[in-house]
Amino acid sequence: MKYIKEKTILITGGTGSFGRNFVSKALKENVKKIIVFSRDELKQYEMQQEFTDSRLRFFLGDVRDKDRLYRAFDGVDIVIHAAALKHVGACEYNPFEAVKTNINGAQNIVEAAIDRGVKRVIALSTDKAASPINLYGATKLASDKVFVAANSYVGDKPTRFSVVRYGNVVGSRGSVVPFFKRMKETGRLPITDERMTRFWITLDQGVQFVMDNLERMKGGEIFVPKIPSMTVTDLAEAIAPECEIEYVGIRPGEKLHEAMITEDDARRTLEYDDYYVIQPEFPWWTQEHSNGGKMLEDGFSYVSDTNDEWLTVDELRDLVRG
Numbered sequence: 000m001k002y003i004k005e006k007t008i009l010i011t012g013g014t015g016s017f018g019r020n021f022v023s024k025a026l027k028e029n030v031k032k033i034i035v036f037s038r039d040e041l042k043q044y045e046m047q048q049e050f051t052d053s054r055l056r057f058f059l060g061d062v063r064d065k066d067r068l069y070r071a072f073d074g075v076d077i078v079i080h081a082a083a084l085k086h087v088g089a090c091e092y093n094p095f096e097a098v099k100t101n102i103n104g105a106q107n108i109v110e111a112a113i114d115r116g117v118k119r120v121i122a123l124s125t126d127k128a129a130s131p132i133n134l135y136g137a138t139k140l141a142s143d144k145v146f147v148a149a150n151s152y153v154g155d156k157p158t159r160f161s162v163v164r165y166g167n168v169v170g171s172r173g174s175v176v177p178f179f180k181r182m183k184e185t186g187r188l189p190i191t192d193e194r195m196t197r198f199w200i201t202l203d204q205g206v207q208f209v210m211d212n213l214e215r216m217k218g219g220e221i222f223v224p225k226i227p228s229m230t231v232t233d234l235a236e237a238i239a240p241e242c243e244i245e246y247v248g249i250r251p252g253e254k255l256h257e258a259m260i261t262e263d264d265a266r267r268t269l270e271y272d273d274y275y276v277i278q279p280e281f282p283w284w285t286q287e288h289s290n291g292g293k294m295l296e297d298g299f300s301y302v303s304d305t306n307d308e309w310l311t312v313d314e315l316r317d318l319v320r321g
């Protein structure tokens with residue numbers, strides 16, 4: 000994590016699960032300053048009670064507000080863009096709000112970062128952005144495209160943009176784990192479909208992956224970690240083996256299985272030991288930027304039900320306890 004030393008870092012949506020974990024890790028490094036940018040004053044207040052480090056600053060603001068971003072980005076070296084509307088159902092029924100935050104907000108981040116001379120920007124994405132069927136995934140796909148293409152807009156400015164894409168996060172407030180733990184008290188767990196699979200990553204792993212890619216990014220990459228899959232039924236067994244299972248059917252906008260690399264993306268994807276890089280289609284992008292890696296075989300796709308690595312019930316149980 001040499002790159003973040005003596006740097007000023009801003010995290011949008013910084014009061015969320017990712018932001019809190021990132022701040023905890025980054026403060027252990029010799030960073031100059033960390034700015035938490037979010038619109039929730041209560042969460043900022045609570046976070047201020049948790050972290051008392053003098054290098055930490057809090058900015059109230061919304062990524063929809065370009066003027067506020069211009070002010071917040073003054074003197075910032077690194078931006079981690081974690082702010083988004085993420086609830087699939089809420090985005091389905093409030094589509095314009097999702098567009099304003101997830102797409103228009105992405106454009107605002109790009110323009111403010113370039114004009115303020117931010118050096119590196121990493122945007123957090125989701126497996127739902129690959130072959131999206133719901134509005135949340137569609138807005139995040141558009142956001143990914145905005146950040147990748149932004150590297151063509153910088154001209155002679157130093158700003159570079161990349162994207163990190165990963166699956167469900169163990170321990171995040173939006174994951175199914177807290178819901179299952181609450182429902183455990185009722186003796187009944189509602190499950191959408193027994194065939195459903197998902198990619199799974201811990202919060203620590205997600206934060207570390209972002210930090211690693213701050214070091215290695217050249218600009219325009221979509222970084223995808225190699226992570227295990229799990230079945231929803233195994234997760235239910237790990238959390239509440241004594242509960243009765245009720246199958247309630249797939250909700251609007253849900254898939255049976257999630258993808259992180261489609262066959263079309265795979266044609267320009269490099270494989271490394273523990274991650275993949277979807278390369279940008281820039282005239283200036285050459286093998287010198289790739290830093291090794293091997294091209295994937297034709298027809299490859301990275302999908303949760305055909306993954307090579309799976310979590311067992313015991314492994315899931317250890318994860319959700321932690």
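In numbering that gives the first Met the number 0, the protein residues as written are 0 to 321. Ideal Cβ placement from N, Cα and C applies to all residues, glycine included.
The residues Phe57, in chain order, have a CB closer than 7 Å to that of Gln47 in the same chain once the five nearest residues on each side in sequence are set aside. Rounded to the nearest angstrom, the gap between the Cα atoms of Ile249 and Ile260 is 23 Å. Minimum Cα-Cα distance from Val98 among the listed residues Leu140, Val169 and Ile33 corresponds to Leu140.
When secondary structure is reduced to three states using DSSP, Ala129 falls in the coil class, being assigned neither helix nor strand. Going by C-alpha positions, Arg54 is about 23 Å away from Leu202. For Arg164, the pairing in a beta bridge is given by DSSP as Ser124.
Rounded to the nearest angstrom, the Cβ distance from Thr138 to Ile102 is 5 Å, consistent with a contact under 8 Å. In this structure, the CA atom of Phe21 is about 22 Å from the CA atom of Ser142. Membership of Ser289 in the alpha helix (DSSP H) is indicated by the continuous run Gln286 to Ser289. Beta-bridge partners of Glu270 (DSSP): Tyr275 and Lys293. A residue is called buried when at least 16 other Cβ atoms come within 10 angstroms of its Cβ; Thr185 does not meet this threshold and is exposed.
Taken in chain order, the whole alpha helix (DSSP H) runs of length 4 or more contained in the segment 44 to 83 are 65 to 71.
Residue ranges of uninterrupted alpha helix (DSSP H) with 4 or more members, entirely inside the segment 181 to 263 and ordered along the chain, are 202 to 215 and 231 to 238. DSSP, read as helix, strand or coil, puts Thr7 in strand. Rounded to whole angstroms, the separation of the alpha carbons of Asn107 and Val62 is 7 Å.
Distance from the CA of Phe72 to the CA of Trp284, rounded to the nearest whole angstrom, comes to 28 Å.
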